[in-house]
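S.K.: Quick note on numbering: the sequence shown equals residues 548 to 846 in my numbering.
Below: one structure in structure tokens.
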Amino acid sequence: VMMMNSQSNPPKDSRPQLFSSNCSILCGTSGYSYRRWHTGPTNQNYYPDKNEFDYYSTEFNTVEVNSTFYNIPPESTFKGWAKKAPRPSFLYTVKANKFFTHMKKLNIDEMWIERWETFWNKCKLLQSHLGPVLFQFPPSFKNTSTTISRFDDLAKVLPQDGKFAFEFRDRSWFCDEVYLIMKKYNWCLCVIHCENSKDWCGNMPNGTLPVDIDDHKTCDWGVYYRFHGSTGQYSGVYGEKRMRQLAENITNHFLKQTTNNSLQFFFYFNNTDSHSPPAAIQDCRYLAQAFKDLKIMAE
């Protein structure tokens, strides 16, 4: 009996890749495994029930790993991630565990250093697939003479060869003094967008901080953006128009006159809780398309 092939072949994946080789633009989502991504209002659910990462990484070339914030997985998990990377250029950005940022609030003692060394050694198992490590602080972490001095302590502990980004959720940190510390240690200030009328993000204003694009770059290796949602906490699509505006601003400000080819642009979307396909994925697609239209990213 002749078997009909059409039934056994999965439908062709028509999603364009949101990256191109040797392109400095990296768009991804904050995490890739969410229960609600499987259940949309229509049958066109974004996600397959199995092999989520394989599906995600066919379209994307980077992901921000959030699970490490809640607990530090065993070495085997990091080795597994390295092995699962679909291509040499794929990067994992790893969120630092909350022990360092929320429990200890960067108060660096022997226990902090010991845990950090364990964590960093695990991160290094990702080898060439390791992107930045992101330290995200709570709104209760405010800029005082005590807390700001902890960054000098941190500089003695963090390895020179690592890439480190810092996301603050209190507006007291968005000032020249902090930007200078970031520049001094070649660390990356995370540019944050949130819609905060319900105060979920401390005293952050609605919109983007830092306001001035000149303050978005504090190191020689990268510029890092996190988008938390256009309508509220983790929700709301930013949309095609806003993403095009962003791509144009980045291109005009950083890419027209730059001679630094090692500068990478990380865009991570944390608006993972609304829409189908998820808002985070829609916005990545809009942003990548805008960079393709500007000839920064290859079609």
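Note that CB positions come from ideal geometry on N, CA and C, so glycine has one too.
Keep in mind it's a predicted model, so treat the numbers as computed, not measured.
By a C-beta neighbour count over all protein chains shown, 10 Å radius and 16 as the cutoff for buried, is Ala712 buried or exposed?
M.R.: With 16 or more other Cβ atoms within 10 Å, it is buried.
S.K.: In whole angstroms, what separates the C-alpha of Ser719 from that of Lys764?
M.R.: In a straight line, the C-alpha of Ser719 is about 18 Å away from that of Lys764.
S.K.: Which runs of the beta strand (DSSP E) at least 3 residues long sit entirely within the region 618-675? Give them in chain order.
M.R.: Segments of the beta strand (DSSP E) lying fully in the region 618-675: 638-642.
S.K.: Relative to the C-alpha of Gly749, which residue among Gln564, Glu611, Asn644, Arg716 is closest?
M.R.: It is Arg716 whose Cα lies nearest to the Cα of Gly749.
S.K.: Between the C-alpha atoms of His649 and Asp596, what's the straight-line distance to the nearest angstrom?
M.R.: For His649 and Asp596, the distance between alpha carbons rounds to 33 Å.
S.K.: Determine the burial state of Arg727: buried for a count of at least 16 other Cβ atoms within 10 Å of its Cβ, exposed for fewer.
M.R.: One point to set straight first is that residue 727 is Leu, not Arg, in the sequence displayed. Its Cβ having fewer than 16 others within 10 Å, Leu727 is exposed.
S.K.: Taking C-beta to C-beta, are Trp768 and Lys731 nearer than 7 Å?
M.R.: For Trp768 and Lys731, no; Cβs fall outside 7 Å.
S.K.: Taking Cβ to Cβ, would you say Pro679 is nearer than 7 Å to Thr615?
M.R.: Taking 7 Å as the Cβ cut-off, Pro679 and Thr615 do not qualify as a contacting pair.
S.K.: For Leu677, which three-state DSSP category applies?
M.R.: Correct three-state label for Leu677: strand.
S.K.: Give the straight-line distance between the Cα atoms of Cys735 and Asp820, rounded to the nearest whole angstrom.
M.R.: Cys735 and Asp820: Cα-Cα distance of roughly 27 Å.
S.K.: Quick check on Val610: does DSSP put it in helix, strand or coil?
M.R.: Of the three classes helix, strand and coil, the one that applies to Val610 here is strand, per DSSP.
S.K.: Quick check: what's the CA-CA separation for Phe682 versus Asn644?
M.R.: In a straight line, the C-alpha of Phe682 is about 8 Å away from that of Asn644.
S.K.: Val725 lies in the alpha helix (DSSP H); which residues open and close that run?
M.R.: Element bounds for Val725: 723-731.
S.K.: Please go through the same chain and pick out, in chain order, the residues whose beta-carbon is closer than 6 Å to the beta-carbon of Cys570, but skip the five residues on each side of it.
M.R.: Contacts found: Met844.
S.K.: With C-beta atoms as the reference, is Ala826 less than 7 Å away from Asn817?
M.R.: Cβ atoms of Ala826 and Asn817: not closer than 7 Å.
S.K.: Check each candidate in Leu705, Glu787, Ala629 and name the one with the smallest Cα separation from Glu661.
M.R.: Per the Cα distances, Leu705.
S.K.: Does the beta carbon of Asn799 come closer than 7 Å to any beta carbon on chain B?
M.R.: Chain labels in this structure do not include chain B; a single protein chain is all it has.
S.K.: Beta-carbon within less than 8 Å of Ser675's beta-carbon, same chain only, minus the 5 sequence neighbours each way: which residues are those?
M.R.: Excluding positions up to five away in sequence, the list reads Pro635.
S.K.: Out of Asp560, Lys559, Leu565, Leu701, state which residue places its alpha-carbon closest to the alpha-carbon of Phe838.
M.R.: With distances taken between Cα atoms, Phe838 lies closest to Leu565.
S.K.: Run through DSSP, which three-state label would Arg773 get?
M.R.: Looking at Arg773 - three-state DSSP - the assignment turns out to be strand.
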